[in-house]
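Residue numbers (this note's numbering), protein chains in the order written: chain L, 991 to 1398; chain Z, 991 to 1398. Here the structure comes first, spelled out in structure tokens, and everything after it is commentary.
There are 2 protein chains.
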Amino acid sequence: MEKKAILVVVDGLGDRSVKEGKTPLQLTPKKHLDDLAKRGSTGIMSTLGRGIIPGSDTAHLALFGYDINRYYKGRGPFEALGVGIDLKEGDVAFRCNFATVDKDGRVIDRRAGRLKDEGKELAKSLQGIEVEGVKVIFSSSTEHRGVLVLRGEGLSPEISDTDPHTAESLPFKEARPLKNDERAKRTAKIVNEIVKRSQEILSSHPLNKEREEEGKLPANIILTRGAGIYQKIPSLKEKYGFSSCCIAGAALYKGVAKYVGMEVLEVPGATGRIDTDIEAKARESKKALKTFDFVFIHIKGADNASHDGNLRDKMLMIQKVDRLVELLREEEENAYLIVTADHSTPLSLKRHSSDPVPLMIYGPGIRQDKVELFDEISTSSGCLGHLKGVELMKVIVDLMGCSHMVGS
Amino acid sequence: MEKKAILVVVDGLGDRSVKEGKTPLQLTPKKHLDDLAKRGSTGIMSTLGRGIIPGSDTAHLALFGYDINRYYKGRGPFEALGVGIDLKEGDVAFRCNFATVDKDGRVIDRRAGRLKDEGKELAKSLQGIEVEGVKVIFSSSTEHRGVLVLRGEGLSPEISDTDPHTAESLPFKEARPLKNDERAKRTAKIVNEIVKRSQEILSSHPLNKEREEEGKLPANIILTRGAGIYQKIPSLKEKYGFSSCCIAGAALYKGVAKYVGMEVLEVPGATGRIDTDIEAKARESKKALKTFDFVFIHIKGADNASHDGNLRDKMLMIQKVDRLVELLREEEENAYLIVTADHSTPLSLKRHSSDPVPLMIYGPGIRQDKVELFDEISTSSGCLGHLKGVELMKVIVDLMGCSHMVGS
Chain L
991 MEKKAILVVV DGLGDRSVKE GKTPLQLTPK KHLDDLAKRG STGIMSTLGR GIIPGSDTAH
1051 LALFGYDINR YYKGRGPFEA LGVGIDLKEG DVAFRCNFAT VDKDGRVIDR RAGRLKDEGK
1111 ELAKSLQGIE VEGVKVIFSS STEHRGVLVL RGEGLSPEIS DTDPHTAESL PFKEARPLKN
1171 DERAKRTAKI VNEIVKRSQE ILSSHPLNKE REEEGKLPAN IILTRGAGIY QKIPSLKEKY
1231 GFSSCCIAGA ALYKGVAKYV GMEVLEVPGA TGRIDTDIEA KARESKKALK TFDFVFIHIK
1291 GADNASHDGN LRDKMLMIQK VDRLVELLRE EEENAYLIVT ADHSTPLSLK RHSSDPVPLM
1351 IYGPGIRQDK VELFDEISTS SGCLGHLKGV ELMKVIVDLM GCSHMVGS
Chain Z
991 MEKKAILVVV DGLGDRSVKE GKTPLQLTPK KHLDDLAKRG STGIMSTLGR GIIPGSDTAH
1051 LALFGYDINR YYKGRGPFEA LGVGIDLKEG DVAFRCNFAT VDKDGRVIDR RAGRLKDEGK
1111 ELAKSLQGIE VEGVKVIFSS STEHRGVLVL RGEGLSPEIS DTDPHTAESL PFKEARPLKN
1171 DERAKRTAKI VNEIVKRSQE ILSSHPLNKE REEEGKLPAN IILTRGAGIY QKIPSLKEKY
1231 GFSSCCIAGA ALYKGVAKYV GMEVLEVPGA TGRIDTDIEA KARESKKALK TFDFVFIHIK
1291 GADNASHDGN LRDKMLMIQK VDRLVELLRE EEENAYLIVT ADHSTPLSLK RHSSDPVPLM
1351 IYGPGIRQDK VELFDEISTS SGCLGHLKGV ELMKVIVDLM GCSHMVGS
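See the structure below:
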């Protein structure tokens, strides 16, 4: 290892013109981000390629240097890893919601009135289920969210969601095989059985009785989506020889990090929301850099603000990132600092878009281009040019001195 | 042929910030390179792709427009072609060193005290060896270097080096098959036999007796590395219809040039070192341009300086290239002049890196972008954008009028 590296991914940071022809990054004073852009190399990046809208999971996989066509097998396993489930090869995992259905099976609320902390208690009642020899693991996550894992022989992720994905009061769906294959048929059948049982168990759960008495919606079913199969893949350590860790609030990012072999550090105050404790994250990163060669920091708040169409909050998060960078840049002698995003989430769209994201690399000996500001427009004329997400890690690996020559 | 072209490859030219945030190219006055950049098209290039560290051999193959995954078969054949051996399809070639081993087979010096001119005489004693029906061809190269070629049926390049590649006094290695295959096993066995015989023959060579009497290290063994198999590939002439030649000092570059069908011109004074006679090279190039459509000029010195971490010499070489360009630009009416590098060799690293290299194309009717300086930063905002090495030749071929429309 010649050098270390810190990768800061600001989720949903990229945007379009929102005011006076300027993007939120252009509108926000951000002294340290600009100063580093001035002293470093900049560029612009399409994480999955031009015109392709990245998901958060696929974008991160690409940023970590993994070809998503080969290594992306659905979101479920990331969520499962993210909440701390120790997956085995062949497990099929799902994202789940606790939801509220009426007596006719119509989904009254996909989020059961956004649970607070009841998920954990409810989840206990769903343990120990076994269907056709397949073991069921269920874990609650934040609010109404949870993860379902099926463990056993002959499972397939090729099945449809039971979550109807709509605010209208439609009945929850039957899981259907998406392939005409015995495994898919069997897995769909098992999932339908589990959903049915969850309804039986949860409907009579004392906590739900309490909720109903309080006039709240009961969390009386779990609905599945995002099926994915877990496969063990070559870790960053195996590929490049360096140790790595993850500092993130939300489960998904911890999950992708674990998938590629990073150690997930738990940072109190890292909430994955706009109230995240940026000072704590910086402190933990600097500490982590003593132990690990590569530190991945995920900042979620800007994406949340974008999905809400909230310019003020997005600008606030940019200033938080500016503070983070101020605290991290002291490491400049030892490490490269890379700041970028996983995708754009334009405020005007309230969804991800394919607009490319700004990229900055700062550190020892780095080429200094003429770019003086860190935003989507300025960095697009930087010396790094226009990269694909999957190329970034190769560049970082060479900066760290962990790459190998091709040829001689 | 509508036009001719001169491709100047300045080995290891690209760099990182070394002083005041500037690269050696930015620090060096280079009137003619800058003037041509101003009047031409510029860009930046990753010869093997982003984040990939190019070897000298693979980088040149890519610059000549050949897909390395298909056409790169190890370095040995390039070295063999470079010293003038006429290879046949299926020959397996190795780079060799004359080395010094003690009586226990430990390598005292991998370079036998860096021979001067004795290699040629010593090489004679290694002629005519035949092992298991395989003919052995050996040729000395510069200093302690040489080339070994095996010619016969059933050979494989999938064998390990006998050179231990270290300055520590470790025993030389046995060649081992890198594949579980009869050809590889047989080739390894033959190489081990040849190395053994070289030790017997060279140990008793009068020249080595003399060296020992003079207190010098005897060149008492040859050690092999970089095995590669020779295959005949479509030449530039066959692919594009134009004639081409190479002006280079070092064997490797002559070898790659021969591999793609260029004629190798011998230029007295072209040393492949910092003392190379740039005026002679320019003179020869201008002469060559009367006979050939495409002239490849290789300048090695900047890479040597970079491997030594010597900024002064690197800047000196840049000025030599500036002089070369001054002399060549007179051809502007008839020919395109392309200046680039095969890879970066940052002074701070003393090794190749994946940092992209500057590119400039000057000649009749070429688009003039806004770039006014020839360096890594300035050219990165040029109108050619960011190319891959293998794309460059396509661009040149069309400028020369030798390309074909796809579609109609």
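Idealized CB from N, CA, C, for every residue including glycine.
Tell me whether the beta-carbon of residue i lies closer than 8 Å to the beta-carbon of residue j.
{"i": "isoleucine 1237 of chain Z", "j": "leucine 1226 of chain Z", "result": "no"}
{"i": "valine 998 of chain Z", "j": "isoleucine 1289 of chain Z", "result": "yes"}
{"i": "threonine 1177 of chain L", "j": "isoleucine 1211 of chain L", "result": "no"}
{"i": "valine 1385 of chain L", "j": "serine 1344 of chain Z", "result": "yes"}
{"i": "isoleucine 1034 of chain Z", "j": "histidine 1297 of chain Z", "result": "no"}
{"i": "leucine 1038 of chain L", "j": "glycine 1251 of chain L", "result": "no"}
Does residue i pass the burial test, meaning 16 or more other C-beta atoms within 10 Å, or should it be called exposed?
{"i": "serine 1194 of chain Z", "result": "exposed"}
{"i": "proline 1354 of chain Z", "result": "exposed"}
{"i": "glutamine 1016 of chain Z", "result": "buried"}
{"i": "asparagine 1059 of chain L", "result": "exposed"}
{"i": "alanine 1260 of chain Z", "result": "buried"}
{"i": "lysine 1340 of chain Z", "result": "exposed"}
{"i": "histidine 1134 of chain L", "result": "buried"}
{"i": "valine 1396 of chain Z", "result": "exposed"}
{"i": "histidine 1155 of chain L", "result": "exposed"}
{"i": "proline 1019 of chain Z", "result": "exposed"}
{"i": "lysine 1186 of chain L", "result": "exposed"}
{"i": "serine 1275 of chain L", "result": "buried"}
{"i": "glycine 1402 of chain Z", "result": "Residue coverage of chain Z in this structure runs from 991 to 1398, which leaves residue 1402 of chain Z outside it and unanswerable."}
{"i": "proline 1196 of chain Z", "result": "exposed"}
{"i": "glutamate 1381 of chain L", "result": "buried"}
{"i": "methionine 1383 of chain Z", "result": "buried"}
{"i": "histidine 1394 of chain L", "result": "exposed"}
{"i": "arginine 1215 of chain Z", "result": "buried"}
{"i": "serine 1234 of chain L", "result": "buried"}
{"i": "methionine 1390 of chain Z", "result": "buried"}
{"i": "aspartate 1388 of chain L", "result": "buried"}
Starting from the Cα of residue i, find the closest Cα among the options and give me that residue.
{"i": "lysine 1021 of chain Z", "options": "Z:Gly1391, Z:Ser1393, Z:Leu1363 and Z:Lys1125", "result": "Z:Leu1363"}
{"i": "phenylalanine 1169 of chain Z", "options": "Z:Ala1089, Z:Ser1146 and Z:Val1124", "result": "The question names phenylalanine, but residue 1169 of chain Z is lysine in the sequence shown. Of Z:Ala1089, Z:Ser1146 and Z:Val1124, the residue nearest in Cα terms is Z:Ser1146."}
{"i": "phenylalanine 1286 of chain L", "options": "L:His1050, L:Arg1104 and L:Pro1014", "result": "L:His1050"}
{"i": "arginine 1104 of chain Z", "options": "Z:Ser1131, Z:Gly1391 and Z:His1297", "result": "Z:Ser1131"}
{"i": "glutamine 1189 of chain Z", "options": "Z:Ala1113, Z:Arg1341, Z:Val1000 and Z:Ile1328", "result": "Z:Ala1113"}
{"i": "isoleucine 1264 of chain L", "options": "L:Cys1373, L:Lys1310, L:Ala1241 and L:Cys1235", "result": "L:Lys1310"}
{"i": "alanine 1240 of chain L", "options": "L:Phe1068, L:Met1305, L:Ile1328 and L:Asp1005", "result": "L:Phe1068"}
{"i": "glutamine 1221 of chain L", "options": "L:Pro1336, L:Tyr1326 and L:Leu1071", "result": "L:Leu1071"}
{"i": "arginine 1085 of chain L", "options": "L:Arg1065, L:Ala1102 and L:Gly1251", "result": "L:Arg1065"}
{"i": "glutamate 1111 of chain L", "options": "L:Glu1120, L:Ser1129, L:Lys1063 and L:Ser1368", "result": "L:Ser1129"}
{"i": "glutamate 1316 of chain L", "options": "L:Ala1272, L:Asp1359 and L:Asp1293", "result": "L:Ala1272"}
{"i": "alanine 1278 of chain L", "options": "L:Ala1295, L:Met1383 and L:Glu1253", "result": "L:Glu1253"}
{"i": "aspartate 1359 of chain L", "options": "Z:Ile996, Z:Thr1013 and Z:Asn1300", "result": "Z:Thr1013"}
{"i": "glycine 1262 of chain Z", "options": "Z:Gly1251, Z:Lys1244, Z:Val1246 and Z:Gly1291", "result": "Z:Gly1291"}
{"i": "leucine 1301 of chain L", "options": "L:Asp1005, L:Ile996, L:Met991 and L:Ala995", "result": "L:Asp1005"}
{"i": "alanine 995 of chain L", "options": "L:Leu1318, L:Glu1108 and L:Ala1052", "result": "L:Leu1318"}
{"i": "threonine 1266 of chain L", "options": "L:Asp1024, L:Leu1306 and L:Asp1025", "result": "L:Leu1306"}
Any heavy atom of the ligand SAH within a distance shorter than 7 Å of the CB on residue i?
{"i": "glutamate 1202 of chain L", "result": "The ligand SAH is absent from the structure shown, which contains no ligand whatsoever."}
With residue i and residue j assumed to form a contact (beta carbons below 8 Å), what rounded beta-carbon distance in angstroms separates them?
{"i": "leucine 1213 of chain Z", "j": "threonine 1281 of chain Z", "result": "That belief does not hold up - the Cβ atoms of leucine 1213 of chain Z and threonine 1281 of chain Z are roughly 40 Å apart, past 8 Å."}
{"i": "isoleucine 1127 of chain Z", "j": "isoleucine 1184 of chain Z", "result": "Incorrect: roughly 11 Å between the Cβ atoms, too far for contact."}
{"i": "valine 1082 of chain L", "j": "leucine 1160 of chain L", "result": "The Cβ separation is near 25 Å, so there is no contact."}
{"i": "alanine 1325 of chain L", "j": "lysine 993 of chain L", "result": "6 Å"}
{"i": "glycine 1372 of chain L", "j": "serine 1031 of chain L", "result": "6 Å"}
{"i": "tyrosine 1249 of chain Z", "j": "isoleucine 1268 of chain Z", "result": "Their Cβ separation, rounded to whole angstroms, is 26 Å, which puts tyrosine 1249 of chain Z and isoleucine 1268 of chain Z out of contact at 8 Å."}
{"i": "alanine 1331 of chain L", "j": "aspartate 1001 of chain L", "result": "7 Å"}
{"i": "aspartate 1293 of chain Z", "j": "threonine 1335 of chain Z", "result": "5 Å"}
{"i": "isoleucine 1328 of chain L", "j": "isoleucine 1351 of chain L", "result": "5 Å"}
{"i": "leucine 1374 of chain Z", "j": "leucine 1349 of chain Z", "result": "6 Å"}
Report the neighbours of residue i on chain A: residues whose CB is nearer than 9 Å to its CB, in chain order.
{"i": "arginine 1141 of chain Z", "result": "Any reference to chain A falls outside this structure, whose protein chains are L and Z."}
Item checked: Residue ranges of each alpha helix (DSSP H) within the segment 996 to 1047 of chain L, 4 or longer -> 1014 to 1017 and 1021 to 1029
Item checked: Every unbroken alpha helix (DSSP H) inside the segment 1072 to 1143 of chain L [4 residues or more] -> 1108 to 1114
Margin query: Extract the residue ranges of the beta strand (DSSP E) inside the segment 1316 to 1368 of chain L, only unbroken runs of 3 or more that lie entirely within it.
Written below: 1325 to 1330 and 1347 to 1352
Margin query: Quick check on the DSSP output: what are the complete alpha helix (DSSP H) runs of length 4 or more inside the segment 1144 to 1191 of chain Z, in order along the chain?
Written below: none
Item checked: Continuous alpha helix (DSSP H) assignments of at least 4 residues falling wholly in the segment 1249 to 1327 of chain L -> 1268 to 1281, 1291 to 1297 and 1301 to 1318
Checklist line | Contained beta strand (DSSP E) runs [length at least 3] in the segment 1204 to 1230 of chain L, N- to C-terminal order | finding: 1211 to 1219
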